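Student:
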Amino acid sequence: MAFLEMTDKKRSEELGIGQISHIPVIWSQDWRLMAEASKYLISRGLGQWAPRMGKKSPYSIASKPAANSMLLYARNLEHFLTYCERRNLEWQEISYEQLLNSYQTEMHNGQAANSGDPLSPGTINNRVDTACDFLTYAAAQGWRRPFAVGSEPIRRSSASGNRKSSTRRVGRVRANPADLRLPTRSEIKNWLDCVLRGFPGVLGITAYMMCRMVIETAMRAEEVILFRADQLPNPDSIDPSEQAVFIPIKYGTKGGRDPQDIEKRGKLRSIRMSREWLVRLSDYKRMTRKLALKVHKELYPGATLPKELFLSPYTGMPYSYSRFREFWVQKGLLNKSLPFEAWSPHAGRHTWACYQLLERMEAELDVLRFEMKASQGEVTTPSIEWTTRIGETLIKLHVQPFLGHVNQETTDLYLRWLAGQVQSDRYVREWSHWLDS
Numbered sequence: 001m002a003f004l005e006m007t008d009k010k011r012s013e014e015l016g017i018g019q020i021s022h023i024p025v026i027w028s029q030d031w032r033l034m035a036e037a038s039k040y041l042i043s044r045g046l047g048q049w050a051p052r053m054g055k056k057s058p059y060s061i062a063s064k065p066a067a068n069s070m071l072l073y074a075r076n077l078e079h080f081l082t083y084c085e086r087r088n089l090e091w092q093e094i095s096y097e098q099l100l101n102s103y104q105t106e107m108h109n110g111q112a113a114n115s116g117d118p119l120s121p122g123t124i125n126n127r128v129d130t131a132c133d134f135l136t137y138a139a140a141q142g143w144r145r146p147f148a149v150g151s152e153p154i155r156r157s158s159a160s161g162n163r164k165s166s167t168r169r170v171g172r173v174r175a176n177p178a179d180l181r182l183p184t185r186s187e188i189k190n191w192l193d194c195v196l197r198g199f200p201g202v203l204g205i206t207a208y209m210m211c212r213m214v215i216e217t218a219m220r221a222e223e224v225i226l227f228r229a230d231q232l233p234n235p236d237s238i239d240p241s242e243q244a245v246f247i248p249i250k251y252g253t254k255g256g257r258d259p260q261d262i263e264k265r266g267k268l269r270s271i272r273m274s275r276e277w278l279v280r281l282s283d284y285k286r287m288t289r290k291l292a293l294k295v296h297k298e299l300y301p302g303a304t305l306p307k308e309l310f311l312s313p314y315t316g317m318p319y320s321y322s323r324f325r326e327f328w329v330q331k332g333l334l335n336k337s338l339p340f341e342a343w344s345p346h347a348g349r350h351t352w353a354c355y356q357l358l359e360r361m362e363a364e365l366d367v368l369r370f371e372m373k374a375s376q377g378e379v380t381t382p383s384i385e386w387t388t389r390i391g392e393t394l395i396k397l398h399v400q401p402f403l404g405h406v407n408q409e410t411t412d413l414y415l416r417w418l419a420g421q422v423q424s425d426r427y428v429r430e431w432s433h434w435l436d437s
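Residues in the sequence shown are numbered from 1 upward in steps of one, following UniProt numbering.
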């Protein structure tokens, strides 16, 4: 079994090795340094090795992964090495085909997880990608026999209408667009109403506001938890003609984060917030949150007041992810009302993204229908190629900036789902006002 340990930044700098202070170390079960794994992580962390590029020239300007990225790579490698040990597999001998048939397959069917649950396609692909890169690096160092990763060409339309060519690893797990289950307008409303009524009093109000924050802004759960009260602009300072505001966030965001930063500051990005929702949040800050701060002062006299927007009415402290998750799934409530079994904050972000696409696509389709009527005298269903091209543009302009990151697998998933919606002519026209009361 492999164990991961973060290096101490201050101690590393004192020893004159501060340049590798963001790189984790991997130990064996008997606390022996796993030299090959650690050398690989150092090479990646210093920009001396990169996936699909191999060893870089010492004269090149190397891109060094952030500390949080290195932590992810190390965790993936820790998982792979532990798997090999438990299955009595020698990583020095395993082939790419064996990797897919064993490691990837067992993650897909749940055998590689303690819970027995299948892992998401994104998690599986990330872990296999890291394993492949480590094995490729090991082969380049002469630590194992050559390791060949299969690849296949892919072509897709760009926003300009041109065809772009690239490659991807053969055998990647692809998300099924049919698995992208989205809640209906009534399911969302019933779920939020249940959160509001199910948890008692002020607790229900806070839980409701936190859950709805994800649906309104596509923020990640950790971003909602760490969102600060002083980040909210005063609604009265917003021009009445503006129907939405853009708010920069950095606490809890992904990218560029130092794992040792207690404030969890990541890459800066903006969220889009409707005026109506801004007013609701400002009311919460002015009334409900103020009650929580009063409790905090009574329980912890003289202590620094928390900066987070959402606070427990019982302790005055911000919530943990596990507690927020309990609100989301309505844990402990007798009469639950979940849109579907796998409903999660991550699914809430997918919901925001897909309905944003549908709303924007409706405007594009209205223009297309008008042009068809004028030129052809009749309206036909748009082609999948047209839908994909417009969809990629909409994702780039209206989804990706606010989600923070949309990888190619997620983009493909959205596009296949969107094409299915357009081809079957199923639109959710009431989305923009689904919470109007």
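All C-beta atoms, glycine included, are put in the ideal place defined by N, C-alpha and C. This structure is a prediction, so every number in the text was calculated from the model and none was measured.
1. Give the secondary structure of Glu298 by DSSP, where H, G and I count as helix, E and B as strand, and everything else as coil.
2. Please state whether DSSP places Lys267 in a helix, a strand or coil.
3. Using only the alpha-carbon positions, how far apart do Leu226 and Leu203 sit?
4. In three-state terms, what does DSSP make of Arg272?
5. Would DSSP call Phe3 helix, strand or coil?
6. Based on Cα-Cα distance, which residue from Glu276, Ala419, Ser312 and Leu182 lies nearest to Ala353?
7. Measure the CB-CB distance between Pro235 and Arg275 and report whether it falls below 9 Å.
8. Assign His405 to buried or exposed, taking buried as 16 or more other Cβ atoms, counted over all protein chains shown, within 10 Å of its Cβ.
9. Is it buried or exposed for Val279, if we count other Cβ within 10 angstroms and need 16 for buried?
10. Sorted by chain position, which residues of the same chain lie with C-beta nearer than 7 Å to Gly161's C-beta, five sequence neighbours on each side aside?
11. Would DSSP call Val422 helix, strand or coil?
12. So for Ile181, helix, strand or coil by DSSP?
13. The alpha helix (DSSP H) that contains Gln390, what's its start and end?
14. Between Arg127 and Met273, what straight-line distance do the alpha-carbon atoms span, to the nearest angstrom?
15. For Val329, report the span of its alpha helix (DSSP H) as first-last.
16. In whole angstroms, what is the alpha-carbon distance linking Gln356 and Pro153?
17. Does at least one heavy atom of the ligand NAP sit under 8 Å from the Cβ of Arg172?
18. Judging by CA-CA distance, which residue of Ile26, Pro301 and Glu326 is the nearest neighbour of Thr82?
19. According to the Cβ coordinates, are Ala221 and Trp328 closer than 9 Å?
20. Alpha carbons only, please: which of Ala67, Leu192, Gln29 and Glu90 is nearest the one belonging to Leu46?
21. From Thr288 to Ala342, what distance separates their C-alpha atoms?
22. Are Ile94 and Met107 touching if we call contact CB-CB under 9 Å?
23. On the three-pair Cβ rule with 8 Å, is the segment 197-215 touching the segment 236-244?
24. Give me the Cα-Cα distance between Asp283 and Lys297, rounded to the nearest whole angstrom.
25. With distances taken Cα to Cα, identify the nearest neighbour of Thr136 among Leu89, Ser43 and Leu119.
26. Taking 8 Å as the limit between beta carbons, can you name the residues of its chain near Asp8, skipping five residues before and five after?
27. Would Pro339 and Arg325 qualify as a contact pair, given that the criterion is a beta-carbon distance under 9 Å?
28. Tell me which same chain residues have a C-beta within less than 6 Å of the C-beta of Phe80, skipping the five on either side of it?
29. If Lys267 and Gly256 are in contact, beta carbons under 8 Å, what's the gap, nearest whole angstrom?
30. Check for me: the beta strand (DSSP E) holding Ala67 runs from which residue to which?
31. Since I believe Ala2 is in contact with Ser28 (beta carbons under 8 Å), could you give me their beta-carbon distance rounded to a whole number of angstroms?
32. Taking the alpha-carbon of Arg212 as reference, which of Asp261, Leu196 and Pro200 has the nearest alpha-carbon?
33. What three-state label does DSSP hand Trp191 in the structure shown?
34. What are the boundary residues of the beta strand (DSSP E) that Ala244 is part of?
35. So, helix, strand or coil for Asn407, using DSSP?
36. Using CA atoms only, rank isn't needed, just tell me which of Leu403, Asn101 and Ala292 is closest to Arg269.
Tutor: Checking against the coordinates, here is how it stands:
1. Reading the sequence shown from its first residue, position 298 is the one you call residue 298. Helix at Glu298.
2. Against the sequence shown, residue 267 aligns to sequence position 267. Strand at Lys267.
3. Counted from its first residue, the sequence shown places residue 226 at position 226. Counted from its first residue, the sequence shown places residue 203 at position 203. Going from the Cα of Leu226 to the Cα of Leu203 covers about 18 Å.
4. As a working mapping, residue 272 is identified with position 272 in the sequence shown. In the displayed model, Arg272 falls within a strand according to three-state DSSP.
5. As a position in the sequence shown, residue 3 is number 3, starting the count at 1. Correct three-state label for Phe3: strand.
6. Walking along the sequence shown from the start, residue 353 turns up at place 353. Nearest of Glu276, Ala419, Ser312 and Leu182 to Ala353, Cα basis: Leu182.
7. Along the sequence shown, read from residue 1 onward, the residue named residue 235 stands at position 235. Along the sequence shown, read from residue 1 onward, the residue named residue 275 stands at position 275. In this structure, Arg275 lies closer than 9 Å to Pro235 by Cβ.
8. Locating residue 405 in the sequence shown gives position 405, where the first residue counts as 1. Sixteen is the threshold: since fewer than 16 other Cβ atoms of the shown chains lie within 10 Å of the Cβ of His405, the residue is exposed.
9. Sequence index remark: in the sequence shown, residue 279 carries index 279 (1-based). Val279 should be labelled exposed.
10. As a working note, residue 161 is residue 161 in the sequence shown. For Gly161, the pLDDT reaches just 46, beneath the cut-off of 50, and the residue's location in the model is therefore unreliable, leaving the point undetermined.
11. Here residue 422 is taken as the residue at index 422 of the sequence shown, counted from 1. The DSSP-derived three-state label of Val422 is helix.
12. The count along the sequence shown starts at 1 and reaches residue 181 at position 181. Correcting the residue type first, residue 181 is Arg in the shown sequence and not Ile. Shown here, Arg181 sits in coil according to DSSP, grouped into three states, outside any helix or strand.
13. Your numbering for residue 390 matches position 390 in the sequence shown. The question names Gln, yet the displayed sequence has Ile at residue 390. Taken as a continuous stretch (DSSP letters only), the alpha helix (DSSP H) holding Ile390 covers Ile384 to Leu394.
14. One-based indexing of the sequence shown puts residue 127 at position 127. One-based indexing of the sequence shown puts residue 273 at position 273. Spanning the alpha carbons of Arg127 and Met273 requires a straight line of approximately 34 Å.
15. Looking up residue 329 in the sequence shown gives position 329. Tyr321 to Val329 is the extent of the alpha helix (DSSP H) around Val329.
16. Along the sequence shown, read from residue 1 onward, the residue named residue 356 stands at position 356. Along the sequence shown, read from residue 1 onward, the residue named residue 153 stands at position 153. Between Gln356 and Pro153, the alpha-carbon positions lie close to 30 Å from each other.
17. No copy of the ligand NAP occurs in the structure displayed, which carries no ligand at all.
18. Translated into positions along the sequence shown, residue 82 becomes position 82. The shortest Cα separation from Thr82 among Ile26, Pro301 and Glu326 belongs to Ile26.
19. Residue numbering aside, residue 221 sits at position 221 when the sequence shown is read from its first letter. Residue numbering aside, residue 328 sits at position 328 when the sequence shown is read from its first letter. Taking the C-beta atoms as reference points, Trp328 is found nearer than 9 Å to Ala221.
20. Taking the first residue of the sequence shown as 1, we reach residue 46 at position 46. From the listed residues Ala67, Leu192, Gln29 and Glu90, the smallest Cα separation to Leu46 is found for Ala67.
21. If you number the sequence shown from 1, residue 288 lands on position 288. If you number the sequence shown from 1, residue 342 lands on position 342. So the alpha carbons of these two residues sit roughly 30 Å apart.
22. Numbered from 1 along the sequence shown, position 94 holds the residue referred to as residue 94. Numbered from 1 along the sequence shown, position 107 holds the residue referred to as residue 107. Not in contact: Ile94 and Met107 (Cβ atoms no closer than 9 Å).
23. Taking a cut-off of 8 Å for Cβ pairs, the segment 197-215 and the segment 236-244 do not touch, as fewer than three such pairs fall below it.
24. Taking the first residue of the sequence shown as 1, we reach residue 283 at position 283. Taking the first residue of the sequence shown as 1, we reach residue 297 at position 297. Rounded to whole angstroms, the gap between the alpha carbons of Asp283 and Lys297 is 21 Å.
25. Residue mapping note: residue 136 aligns to position 136 of the sequence shown, counting from 1. Ranking Leu89, Ser43 and Leu119 by Cα distance to Thr136 puts Ser43 first.
26. As a working mapping, residue 8 is identified with position 8 in the sequence shown. Taking Asp8 as the centre and dropping the five residues before and after it, the same chain places the C-beta of Ser21 closer than 8 Å to its C-beta, in chain order.
27. Sequence index remark: in the sequence shown, residue 339 carries index 339 (1-based). Sequence index remark: in the sequence shown, residue 325 carries index 325 (1-based). Going by C-beta atoms, Pro339 is not nearer than 9 Å to Arg325.
28. On the sequence shown, position 80 is the one that residue 80 refers to. Cβ within range, chain order: Ala131.
29. Residue 267 sits at position 267 when you count from the first residue of the sequence shown. Residue 256 sits at position 256 when you count from the first residue of the sequence shown. Right, the Cβ-Cβ distance comes to about 4 Å (below 8 Å), so this counts as a contact.
30. Along the sequence shown, read from residue 1 onward, the residue named residue 67 stands at position 67. Segment Ala67 to Arg86 is the alpha helix (DSSP H) holding Ala67; no beta strand (DSSP E) there.
31. The count along the sequence shown starts at 1 and reaches residue 28 at position 28. The count along the sequence shown starts at 1 and reaches residue 2 at position 2. About 7 Å; that satisfies the 8 Å criterion.
32. Here residue 212 is taken as the residue at index 212 of the sequence shown, counted from 1. Comparing alpha-carbon positions, the option among Asp261, Leu196 and Pro200 lying closest to Arg212 turns out to be Leu196.
33. In the sequence shown, the residue the question calls residue 191 occupies position 191. In the structure shown, Trp191 sits in a helix (DSSP, three-state: H, G or I).
34. The count along the sequence shown starts at 1 and reaches residue 244 at position 244. Ala244 -> beta strand (DSSP E) spans Ala244 to Tyr251.
35. One-based indexing of the sequence shown puts residue 407 at position 407. Of the three classes helix, strand and coil, the one that applies to Asn407 here is coil, per DSSP.
36. Within the sequence shown, numbered from 1, the residue matching residue 269 stands at position 269. It is Leu403 whose Cα lies nearest to the Cα of Arg269.
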